[in-house]
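These notes concern the structure reproduced below.
Numbering (our numbering), first residue to last: 13 to 481.
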């Protein structure tokens, strides 16, 4: 195993969404793992679903690298944190290679992350409707930003031997190495719905088969030795790996908390923080649980679909995102747990909920009773709300004092109709300006997905509230 600063690494990019990045990246992770390599899986951007497939492929938690939510300065440290003890890292890009946050130039693009990681790029090209033109396409991507190093191409959805021959001739003339050729293979397709792929937790047995098919296709069609050699050519990274305990000790002054010694885990008091999981709540970043643990909590995962009560001695609750509308009937039917959540919130214990968690705390979702913590009703909508957001806390809460600035991401097809007199959580910009979310006793509920590594004091403040509530 190598040190994380010099771990071999590849970024898997594409000219556009739908080109086959997930198939190639996931298959490559699994193919490398099958060779006995310790693989570090990563995903550019805020996507929660692809990392689930990456985790299956690599046998290691998939982690996100988001230069918008966390800032460019944290991309390399978070990568180094995830790559500890690994032999190779594979980073799946987002959208087209140069696509990032709207109106922000290269920010949060795959190209920017590749540069921050000093990593070579493998461009996955959907070749289904072209032959010689592929060379012009690849040339354009390779020359657009000289700081991005495209080390080769994997051709996807190739129709025949003759089609492959024409594509290779064109790329040979352009001087671009072909590192793999994948034929059309519907057996590796994974089901999608309105917000992307169906999460692994909802189809685990089928997902295992899909990942195995991706691995077989990539191993059969790609030059794994050449890809490893390219990965070993990545430049060494300077600086230290991100560490949750160190991040907490260097928290911004705007997020007051106890002294570092008081907050450290120990026999004094280690409150239990329940983390919602299971198929209905699959959207979470691994760093959140790590920060809660480093702040002195015992993070315990439970499944609101299956568990009739909260974990023993629960002092705080974190409910992330997911697809509660798919499981609304089951969530509603679990009345004992709904009552337990309502009682915990009524006691003043800290509760942090994002998106799906927000819906779960409402009075109802599509007419079905939920926890009733918030005086609000939620329903599915035809309109997709999607994009990065700049936010400022407009109310003091268990997560942050008023005035705290954070960046978030919205990703839903639902509408929440609040009752009168609700106190909002965030003032949000992009697009337009509005207030959003709820602050109520110890509850902070919002549509915004945030990454606590950007503001680690959030975890410290939440855990301290667990101790004192």
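For glycine and all other residues, C-beta sits at the position ideal for the given N, C-alpha and C.
Our contact map puts residue 172 next to residue 107 with C-beta atoms below 8 Å; I'd like the distance itself, whole angstroms only.
That belief does not hold up - the Cβ atoms of residue 172 and residue 107 are roughly 29 Å apart, past 8 Å.
Taking the alpha-carbon positions, what's the residue 116 to residue 323 distance?
Straight-line Cα distance between these residues: approximately 43 Å.
Please list the terminal residues of the continuous beta strand (DSSP E) segment that includes residue 438.
Looking at the DSSP string, the run of the beta strand (DSSP E) that includes residue 438 is 438 to 441.
For residue 157, which residues from the same chain have a beta carbon less than 7 Å from its beta carbon, with the 5 sequence-adjacent residues on both sides left out?
Non-local C-beta neighbours of residue 157 in its own chain, meaning closer than 7 Å and more than five positions away in sequence, comprise 123, ordered along the chain.
Is it the case that the segment 460 to 469 contacts the segment 348 to 361, given that we only count it when at least three CB pairs across the two stretches are under 8 Å?
Proximity of the segment 348 to 361 to the segment 460 to 469 falls short of the contact definition, fewer than three beta-carbon pairs being nearer than 8 Å.
Going by beta-carbon coordinates alone, are residue 316 and residue 343 separated by less than 7 Å?
Residue 316 places its beta carbon less than 7 Å from that of residue 343.
So does the segment 241 to 257 actually touch the segment 21 to 35, counting three or more Cβ pairs closer than 8 Å?
Flag = yes, the segment 241 to 257 and the segment 21 to 35 touch.
How long is the line joining the alpha carbons of residue 212 and residue 365, rounded to whole angstroms?
Taking the straight line from one Cα to the other gives about 22 Å.
For residue 400, name the three-state secondary structure that DSSP assigns.
Of the three classes helix, strand and coil, the one that applies to residue 400 here is strand, per DSSP.
Using only the alpha-carbon positions, how far apart do residue 467 and residue 62 sit?
In a straight line, the C-alpha of residue 467 is about 24 Å away from that of residue 62.
Kindly indicate which three-state DSSP category residue 445 falls into: helix, strand or coil?
Reduced to three states, the DSSP call for residue 445 is strand.
Give a yes or no on whether the C-beta atoms belonging to residue 437 and residue 451 are separated by under 7 Å.
Yes, they are a contact pair.
Do residue 406 and residue 417 have their beta-carbon atoms positioned less than 7 Å apart in this structure?
No, the Cβ-Cβ distance between residue 417 and residue 406 is not below 7 Å.
Quick one: any contact between the segment 369 to 378 and the segment 326 to 338, if contact means 3 or more CB pairs under 8 Å?
With a cut-off of 8 Å, the segment 326 to 338 and the segment 369 to 378 count as touching, because enough Cβ pairs lie within range.
Where residue 135 sits in the DSSP three-state scheme:
In the three-state reduction of the DSSP assignment, residue 135 falls in the strand class.
Where does the unbroken beta strand (DSSP E) through residue 246 begin, and where does it stop?
Segment: none, residue 246 is in no beta strand (DSSP E) and carries neither H nor E.
Beta-carbon separation of residue 299 and residue 282 under 7 Å?
Inclusion of residue 299 and residue 282 in the CB contact set at 7 Å is not warranted, their separation being larger than that value.
Using the rule of at least 16 other Cβ atoms within 10 Å of the residue's Cβ for burial, across every protein chain shown, is residue 251 buried or exposed?
Residue 251 should be labelled exposed.
The segment 65 to 76 contacting the segment 31 to 50, beta-carbon criterion three pairs below 8 Å:
Of all C-beta pairs linking the segment 65 to 76 to the segment 31 to 50, three or more are shorter than 8 Å, placing the two stretches in contact.
Can you pull the DSSP bridge partners for residue 93?
Partner(s): none; residue 93 has no beta bridge.
Per-residue burial, residue 475 [other beta carbons within 10 Å of its own, 16 or more giving buried]:
With 16 or more Cβ atoms within 10 Å of its Cβ, residue 475 is classed as buried.
Using the C-alpha atoms, what's the distance from residue 443 back to residue 399?
Between residue 399 and residue 443, the C-alpha separation is close to 9 Å.
Less than 7 Å separating the beta-carbons of residue 386 and residue 425?
With a cutoff of 7 Å on beta-carbon distance, residue 386 and residue 425 are scored as not near each other.
Straight-line Cα distance separating residue 185 from residue 265
Residue placement at residue 265 is flagged as unreliable, the pLDDT there being 40, under the threshold of 50; the coordinate-derived value follows with that caveat. If you take the alpha carbons of residue 265 and residue 185, they lie about 57 Å apart.
In this structure, what does DSSP give as the bridge partners for residue 27?
Beta-bridge pairing by DSSP links residue 27 to no other residue.
Checking 7 Å against the spacing of the C-beta atoms, do residue 472 and residue 129 come in under that value?
No, these two residues do not count as a Cβ contact at 7 Å.
Going by C-alpha to C-alpha distance, which of 356, 360, 340 sits closest to residue 377?
Nearest of 356, 360, 340 to residue 377, Cα basis: 340.
Given 8 Å, three or more beta-carbon pairs between the segment 77 to 92 and the segment 126 to 143
Touching, yes.
Run through DSSP, which three-state label would residue 337 get?
In the structure shown, residue 337 sits in coil (DSSP, three-state: anything other than H, G, I, E or B).
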